[in-house]
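Following our numbering, the numbering of the sequence shown begins with 69 at its first residue and continues without gaps.
Positions of the beta carbon are idealized from the N, C-alpha and C atoms, including for glycine.
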Amino acid sequence: MRKILLAVFAASATLQAAAQYKPSDLFGPRFYTERGNAEHSANGAPGPAYWQNRADYHLQATIDTLARTLTGVETIEYTNNSPDALDCLWLQVEQNTYKPDARSNFATAAHPSPADHTTGYSFEAVTLQDGTTSTKADYIITDTRMQIRLHKPLASKGKVSIHIRYTYTIPGAFGGRTDYVATRNGTIFEIAQWYPRMSVYDDSRGWNNLPFLGSGEFYLEYGDIDYSVTVPWDMIVAGSGALQNPAEVLTPAQVARWEKARHSDQTVMIRSAAEIGDPSSRPVHSGTLTWKFKMTNTRDVAFGASRAYIWDAAAVNLPEGKHSMAMSVYPVESAGEGAWGRATEYLKRSMEYFSEKWFVYPYPVAVNEAGIAGGMEYPGIVFDGITDKGKELYWVTAHEIGHNWFPMIVGSDERRFGWMDEGFNTFIDVYASDNFNKGEYAPKRDAEYAEGGGNPADEIVPFLKDASAPVILTPADAIPEKYRHPLTYFKPAFGLVLLREQILGHDRFDYAFRSYIRHWAYKHPQPSDFFRSMENASGEDLAWFWREWFYHNWTLDLAVSDAHAVDGGVSVVVSNLDRMAFPSVLEATCVDGLKARINFFVETWLQQDRVTVVIPTTAKVSSVTIDPDAGLPDANRSNNTVKLP
């Protein structure tokens, strides 16, 4: 690139406004309509009076593999850290989403068939314990919510124990996130949303008790979870958290392999294909076994169970000398180096990359489980596609385990703000793919757009132009399926790419994004907390970007309106013809092939829709181009270049 002399901006604003661009729309006052407060500071961090309620669980589950039912015994220790006395408690009972009269059946145009239903939860007992006093709970069920009406308000800083005995029929393939499926060597059970869970009571809305409709996922309190799963003797259980009793549920040889895997960078087989169906591969040969797990400071737990599992594992090396363990369970149909034989490698490398780049993985284990949920995330475990292989398996593994950062660590409300987990997680996927095995599966592209590597700046344009498309901040369940992936995953992810690559640069973006994660780890951020965090840590007022990208689907059209040679260089007129603005690059290509560039900051468009600049050069210029690297979502690239005679 030719060295450029100091660019002298002959900035001359025209008095004639462009057809659509109005600086006041983008740079208007009062983006934040509320001041920071004691709970959510103006700088985007939790305030000095930030509080959060807590839910600790003791769970016992028994699976009847013939009846396809789960029976549970649950104790919730709920702590009210809020300043409010609570007259009632709200719990999520999401197995009710499979009932014929569930609201989720009416949330979209597609209605389940009569065969795709269960009877939901059946509650044998719900009791409250306050100290030594135990009383029958006064409760009602409304769709996927249980309200417990307290006889005496739960005081601030008070605690209460909730005891629940229940059963439900495990949904089949129609379960989506939780299901069972037959394989050659036995049924695989993927068990999630399997126990009543406390709704979040927070400082923004009080009780967050939106019904579960499907697209909007979860918003949960943090706590410690001890749980046990009782299954027939020949089944393997792989679950969130640390296995507490390996010597009781594994053979001595399997325990030794487990220990070897904990310290091995290479994948170690804990239970091979040859052991499936072999009674000697189990510590007992009849009855049942109870698998015990524990996970601390988590929002949730899930597990898989099957006699068909192959099981392998490897060590995960984390920053600060910390360690974890990656493991995969899958049937023989999924085995092979081209498929699930590399699943633990994919999981391990993703965990190591995300930990080094953003925040250290906090849990002792992560599990990659093969089934028909086909890509679903829970703390410490992901359900991925039983038929996935190669790049598809790598991409889904990296994406689903990435959810342990968003929203399992940074505990945002997925039901209202799906983009704060799906979008952020899709963003970190992009760079993980570049990093993995020297880019073996890079670039990470979504099949909906450009399999094989199109330009995301161009791929987003049709959705920006679509007048029917909702905005990013639309609640997850209100986004039609046609737009769910583009507007919940792709657009917010690409927005962060624009922030990192075009607006802030890597250093400032990474510092700000890490600050956001660190401040809100195991807490409940709101969208404004993210916006404020990024601004305060990066040193930029980004209200213009939040407006155009998150609150609106505006479009961008930068154009080179004129270019002609002048003494000492080339004079160029750049126009902003649409509603968005971005910092950008203007490039002059000389006849000798060398190039000269100058940068436009976003402040270029604070007062004007057209600017004239002189690019100093002593060589003859053949063409001038705005956004020469095509990094911006310009809706009309045909006017980006002017050729000079």
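Beta strand (DSSP E) segment containing residue i, residue limits
i, result
"ASN644", "637-644"
"GLU445", "444-446"
"THR364", "356-366"
"ARG576", "Segment 574-588 is the alpha helix (DSSP H) holding ARG576; no beta strand (DSSP E) there."
"TYR146", "137-147"
"ARG375", "First-last for ARG375: undefined, no H or E at that position."
"ASN276", "274-276"
"ASP270", "268-270"
"VAL435", "433-439"
"ASP526", "Taken as a continuous stretch (DSSP letters only), ASP526 belongs to no beta strand (DSSP E), being part of the alpha helix (DSSP H) at 524-527."
"ALA394", "391-398"
Element boundaries [alpha helix (DSSP H), containing residue i]
i, result
"ASP497", "490-503"
"GLY470", "458-470"
"MET214", "No alpha helix (DSSP H) contains MET214, which is instead part of the beta strand (DSSP E) from 213-222."
"PRO595", "595-606"
"SER92", "91-95"
"PHE99", "First-last for PHE99: undefined, no H or E at that position."
"ALA665", "Note that residue 665 is Arg in the sequence shown here, rather than Ala. Premise fails: ARG665 lies in the beta strand (DSSP E), 663-668, not in any alpha helix (DSSP H)."
Under 8 Å between C-beta atoms of residue i and residue j
i, j, result
"GLU258", "GLU437", "yes"
"THR133", "THR298", "no"
"MET476", "PHE598", "no"
"TYR118", "GLY291", "no"
"TYR234", "GLY140", "yes"
"ALA525", "ALA698", "yes"
"GLY522", "TYR431", "no"
"LEU555", "ILE540", "yes"
"TRP473", "ASN503", "no"
"SER423", "PRO399", "no"
"ALA434", "ALA370", "no"
"LEU610", "ASP695", "no"
"ARG678", "VAL640", "no"
"THR195", "HIS219", "no"
"THR718", "GLU401", "Outside the displayed range of the chain (69 to 713) lies residue 718, so it cannot be described from this structure."
"ARG339", "ILE238", "no"
"ARG245", "ALA223", "no"
"ARG714", "THR672", "Outside the displayed range of the chain (69 to 713) lies residue 714, so it cannot be described from this structure."
"PRO701", "VAL529", "yes"
"LEU288", "ARG171", "no"
Chain-order list of residues whose beta-carbon lies under 7 Å from that of residue i (same chain, five-residue window excluded)
i, result
"VAL670", "TRP612, ALA649, PHE650 and PRO651"
"ARG568", "HIS574 and PHE577"
"PRO347", "HIS353"
Any C-beta of chain C under 8 Å from that of residue i
i, result
"ARG339", "Of the chains in the structure shown, none is chain C; there is only one protein chain."
Contacts around residue i, its chain only, beta-carbon distance under 8 Å, and the 5 residues preceding and following it disregarded
i, result
"ALA342", "none"
"VAL498", "PRO511, LYS512, ALA561 and VAL565"
"GLN334", "ALA382"
"LEU311", "VAL317, TRP359, LYS360, PHE361 and VAL433"
"ASN111", "GLY104, ARG600, SER601 and ASN604"
"GLU413", "THR335 and ALA382"
Burial state of residue i, where buried means 16 or more other Cβ atoms lie within 10 Å
i, result
"GLY417", "Contrary to the premise, residue 417 reads as Arg rather than Gly in this sequence. Buried: at least 16 other Cβ atoms inside 10 Å."
"GLN675", "exposed"
"GLN163", "buried"
"GLN594", "buried"
"GLU715", "Because the chain here runs from 69 to 713, residue 715 falls outside it and cannot be looked at."
"ARG103", "exposed"
"PHE174", "exposed"
"VAL628", "buried"
"LYS225", "exposed"
"ASN667", "exposed"
"VAL710", "buried"
Sequence-distant residues of its chain with Cβ nearer than 6 Å to residue i (five each side left out)
i, result
"LEU127", "GLU142, TYR263 and TYR295"
"LYS688", "VAL659"
"ALA407", "LYS457"
"VAL543", "First, the residue type needs correcting, since residue 543 is Pro and not Val in the sequence shown. Excluding residues within five positions, the ones whose Cβ falls inside 6 Å are ARG484."
"MET444", "ARG245 and PHE451"
Candidates the options, of which the one nearest residue i by Cα
i, options, result
"THR51", "HIS179, THR210 and VAL228", "In the structure displayed, the chain extends from 69 to 713; residue 51 sits before or after that span and is not available."
"THR186", "THR210, ASP247 and ILE144", "ASP247"
"ASN313", "GLY282, ALA321, LYS362 and GLY274", "LYS362"
"SER480", "THR455, CYS156, ASN707 and ALA589", "ALA589"
"GLY372", "ARG273, ASP271 and ILE304", "ILE304"
"ALA411", "SER374, THR465 and VAL682", "THR465"
"ASP184", "TRP673, LEU196, LEU288 and ASP169", "ASP169"
"LEU645", "ASN707, ASP545, PHE451 and ILE131", "ASN707"
"TRP617", "PHE531, SER601, THR680 and GLU655", "PHE531"
"ASP93", "HIS592, SER267 and HIS620", "HIS620"
"TYR269", "THR212, THR366 and CYS156", "CYS156"
Residue i CB to nearest heavy atom of the ligand MG below 7 Å
i, result
"ASP368", "The ligand MG is not part of this structure, which contains no ligands at all."
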